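Working notes, structure below.
Rendered as structure tokens:
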């Protein structure tokens, strides 16, 4: 399962990239506004594209297909490995086919059922993003939707990735991988938390303790 980091922080991206932990970046208007309220979104994406060679999933602040297509084509000029996030709503769906025909990968968002995901892939999306935490918060099973969509894509040989957005715990992250998610989108805080486990800390303490008690050898002349 590939991992996309939801952030515009160059420090976090640099850390995760150097550690070999991520395969892409997600920098939507919501993320940009939350992390850099006064920043110009285009400038932020330009900086990200210069700093990283990873794919960048970004979106256009529009819902009409013609506006999305125009904005996405403009973004493609500054981001070489662009993936355009498009909300799966009636007005925006035609943009999926048009951009896919242009060779610009599309991630369908606001998808909450396997049926929506199947239609998004049929329209030309190369990624379908399922917000598992959002589904879980209303009593649905986010990973069940991912499992159903994975099965449907496998059955039809659809060339479309299933993306789990927002797993906030180690259990939900691992469960998403277990049911066949191709990609998981996590925040830097969640990614760091996935590295942690109480037994890991305990084992490290024992290791460091053993090292500290080890007698120092004498050097030969």
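Numbering (the numbering used here), first residue to last: 161 to 381.
Note that the Cβ used here is the ideal one computed from N, Cα and C, for glycine as well.
Since the structure is predicted, the reported quantities are computational estimates derived from the model, not experimental observations.
A distance below 7 Å separates the beta carbons of residue 339 and residue 303. When rounded, the separation of the alpha-carbon atoms in residue 283 and residue 306 is 19 Å. Boundaries for residue 197: no alpha helix (DSSP H) harbours it, and the DSSP string shows neither H nor E there.
As for any beta strand (DSSP E) of minimum length 3 sitting wholly inside the region 322 to 353, the runs are 343 to 346, ordered along the chain. Its chain contains 251, 252, 253, 254, 255, 258 as the residues whose beta carbon lies nearer than 8 Å to that of residue 225, once the 5 sequence neighbours on both sides are disregarded; these appear in chain order. Pairing residue 219 with residue 188 gives a Cβ-Cβ distance under 7 Å.
Going by beta carbons, residue 343 and residue 314 fall outside the 7 Å limit. The three-state reading of DSSP puts residue 166 in strand, counting E and B together.
For residue 306, the uninterrupted alpha helix (DSSP H) run begins and ends at 302 to 316, by DSSP. Bounds of the beta strand (DSSP E) holding residue 289 are 287 to 291. Look at residue 266 here: in three-state DSSP terms it is strand.
In the structure shown, residue 231 adopts helical secondary structure according to DSSP, grouped into three states. The alpha-carbon of residue 355 is positioned some 33 Å away from that of residue 264.
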